[in-house]
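Enquirer:
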């Protein structure tokens, strides 16, 4: 059975003047032990999707319009908020982007880890503290430092503490929302290595949100490329990296500077993402696409399978007009 | 690779240790900033002297505050009666000290009540927002529209004089102010990612407010309470002055002032000393409150 299966998730933010279509009809699957990379530029709806899974969308203005989020076969959108609370932090936990602000400045790191354990496991305060020390050791921080405050740690160390909090109750699913974006590059590699190691050790599945394809290549088993609230290409890591099809995916790969070639300028995708409160009809990527035709304007694009386990939301690719 | 990691970890630990040595704790920082503020220290000294005076009143004077002596009426300050005597021959210095006890006690109780109630309403409004916030905020607006002393007079008039009633009357007016301050602080803290992180660990709202939000509101609460104690002392004096606060013969600065008013042309000590004490105390609390605000929240300064 799939650990997490999202079916047709649609999330809107109803503002006073207009409605922001943040996530539109997104379907994803995560198998036990698997890591799914969710890639896209800022504003593509990655974080909203993640918050939707945790049911942490601010309502109002946010609203989950339709869809199902099946976690171990149970629809998270149908259970009570008390049941949801018992899942958060225990079965599904989340790592936030900025470790600088994800820790409470006035509680010691030990207290903050112990809090989650105390909340979900029926154990005494003592035991929780004992286990928080073990967690610190697991993420490579000396357990003696449990009594120190967040400001006494560096950024990378703080992110380790955040990871320790997230993994304290051995969750089945870890949602990591750009866990390394706020860290510098050398620390990024360390933190990613550690996350992968711990994930394998605890047999945790992971939804990794990032806009770094290099991180995806190193960490993920499957990839979903998101654009303007839709998944435009979805498949296993090998298929998608060896045979990227959607013009947007191609553009993303094309914008990564090559080590071999000497170029003066980066090669970005031209144009900007459409305003999510006024999405165009037809293909959302049309305006920036080199291969767009009149048909793209008229027809709503659907995800089509081009090879087993590899789907693309582009009629030109599916029609065989476009080939890489 | 691994050895490199270990080395890096050690370096990080070392750096943190150095930070600790330099940074000390938050409260030591606050103390250091406070000690740089001269007017703050002056305020602190005034308040501490006042508290010591009223606390050790029985040791500082040989008289009873209600021991009348007809031949000793209207004595001017002397070595025996440092502030002179009043219209019943009671030692004014003694009455000032014991009167201060009542004033401070009522002021502290009133401030405590308004801080607690204000915190409950303010944090609910700030944290939940939406309809809850609208209802509470509009209610606070209504309370703010009524002048504090007028409200206290109205409540006292209904409840009658007495220390408990006075404390209650004064606390109602203070609720709106402290609730507003807490509300604003909570709204600012709420946007921090660690609040969302706490939600993501499955904490209940009440737990998040208690564990993650309220401890962060202590600084503004301390500042507001300090100022509010000063204000309450003035309020008590005001109420007693018009006969609604503490009833004679219980000494109270405002009521001493009120009686002294009848003799203001012929006998100055009965008006000057209570007025001086009221003024000095409030001055001290305000200086202290200002300095605490600067020390606790350095961003507010300059």
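Chains as they are written, first to last, in my numbering: chain A, 1 to 324; chain B, 1 to 302.
C-beta atoms are modelled at their ideal positions from N, C-alpha and C, and glycine is treated no differently.
Just so you know, these numbers come straight off a predicted model, no measurement behind them.
#1: So what does DSSP say about residue 310/A, is it helix, strand or coil?
#2: Residue 36/A by DSSP, collapsed to three states: which one?
#3: Apart from the five residues on each side of it in sequence, which residues of its chain come closer than 8 angstroms, Cβ to Cβ, to residue 276/A?
#4: Given a limit of 8 angstroms on CB to CB distance, which residues of the stretch 210–232 of chain B reach chain A?
#5: State yes or no: is the C-beta of residue 179/A within less than 9 angstroms of the C-beta of residue 90/A?
#6: Under 7 angstroms Cβ-Cβ, which residues of chain B neighbour residue 54/A?
#7: Between residue 165/B and chain A, is there a C-beta pair that is closer than 9 angstroms?
#8: Using 9 angstroms as the limit for Cβ to Cβ distance, is residue 125/B near chain A?
#9: For residue 204/B, decide whether its Cβ has a neighbour in chain A, counting only Cβ atoms nearer than 9 angstroms.
#10: Straight-line CA distance for residue 159/B to residue 182/B?
#11: Taking the continuous beta strand (DSSP E) assigned at residue 12/A, which residues delimit it?
#12: Return the residue from the list 197/B, 154/B, 141/B and 135/B that minimises the CA-CA distance to residue 165/A.
#13: Which residue from 220/B, 233/B, 251/B and 93/B puts its Cα closest to that of residue 122/B?
#14: Please classify residue 28/B: is it buried, with 16 or more other beta-carbons within 10 angstroms of its beta-carbon, or exposed?
#15: Any chance you could list the beta strand (DSSP E) runs of at least 3 consecutive residues sitting entirely within the stretch 209–294 of chain A, in chain order?
#16: Counting only Cβ pairs nearer than 7 angstroms, list the residues of chain A close to residue 197/B.
#17: If we count the other Cβ atoms within 10 Å of its Cβ and call it buried at 16 or more, is residue 263/A buried or exposed?
#18: What distance in whole Å lies between the Cβ atoms of residue 211/A and residue 41/A, which are believed to be in contact at a cut-off of 8 angstroms?
#19: Which partner residues does residue 28/A have in the DSSP bridge list?
#20: Spatial neighbours of residue 287/B within its chain, please: C-beta separation below 7 angstroms, excluding the five flanking residues on both sides.
#21: Just to confirm, is the Cβ distance from residue 113/A to residue 84/A under 9 angstroms?
#22: Rounded to a whole number of angstroms, what is the C-alpha to C-alpha distance between residue 85/B and residue 46/B?
#23: Report the three-state DSSP secondary structure of residue 205/A (helix, strand or coil).
#24: Span of the alpha helix (DSSP H) holding residue 161/A?
#25: Give the interface partners of residue 252/B over in chain A, defined as CB-CB distance under 8 angstroms, in chain order.
#26: With three or more beta-carbon pairs closer than 8 angstroms as the criterion, would you say the stretch 193–209 of chain A touches the stretch 237–249 of chain A?
#27: Is the stretch 61–81 of chain B touching the stretch 31–38 of chain B, taking contact as three or more C-beta pairs under 8 angstroms?
#28: Please go through the same chain and pick out, in chain order, the residues whose beta-carbon is closer than 6 angstroms to the beta-carbon of residue 251/B, but skip the five residues on each side of it.
#29: Name the residue from 290/B, 87/B, 235/B and 246/B whose alpha carbon lies nearest to the alpha carbon of residue 227/B.
#30: Leaving out the 5 sequence neighbours to the left and right, which residues in its chain are closer than 6 angstroms to residue 11/A when beta-carbon positions are compared?
#31: Anything in the stretch 153–168 of chain A with a Cβ closer than 9 angstroms to a Cβ of chain B? List those residues in chain order, please.
#32: State the Cα-Cα distance for the pair residue 76/B and residue 295/B, rounded to the nearest angstrom.
#33: Are residue 176/B and residue 153/B touching if we call contact CB-CB under 9 angstroms?
#34: Per DSSP, which residues does residue 108/B bridge with? Please list them.
#35: Which bits of chain A does residue 194/B rub up against, with CB to CB less than 7 angstroms?
#36: Specify whether the stretch 124–142 of chain A and the stretch 101–113 of chain A touch according to this definition: at least 3 beta carbon pairs, one from each stretch, less than 8 angstroms apart.
Expert: Result, derived from the coordinates:
#1: strand
#2: strand
#3: 20, 21, 22, 43, 45, 228 and 229
#4: 211, 212, 215 and 216
#5: no
#6: 200
#7: no
#8: no
#9: yes
#10: 29 angstroms
#11: 4–14
#12: 197/B
#13: 220/B
#14: exposed
#15: 222–227 and 230–236
#16: 96 and 102
#17: exposed
#18: 6 angstroms
#19: 6/A
#20: 39, 40, 42 and 43
#21: no
#22: 24 angstroms
#23: strand
#24: 155–167
#25: Near residue 252/B there are no residues of chain A at all, since even the closest Cβ is about 40 angstroms away, more than 8 angstroms.
#26: no
#27: no
#28: 65, 95, 98 and 99
#29: 290/B
#30: 22, 23, 48, 52 and 64
#31: 153, 154, 156, 157, 162, 165, 166 and 168
#32: 43 angstroms
#33: no
#34: In the DSSP output, where bridge partners are listed per residue, residue 108/B has none listed.
#35: 101, 102, 103 and 104
#36: yes
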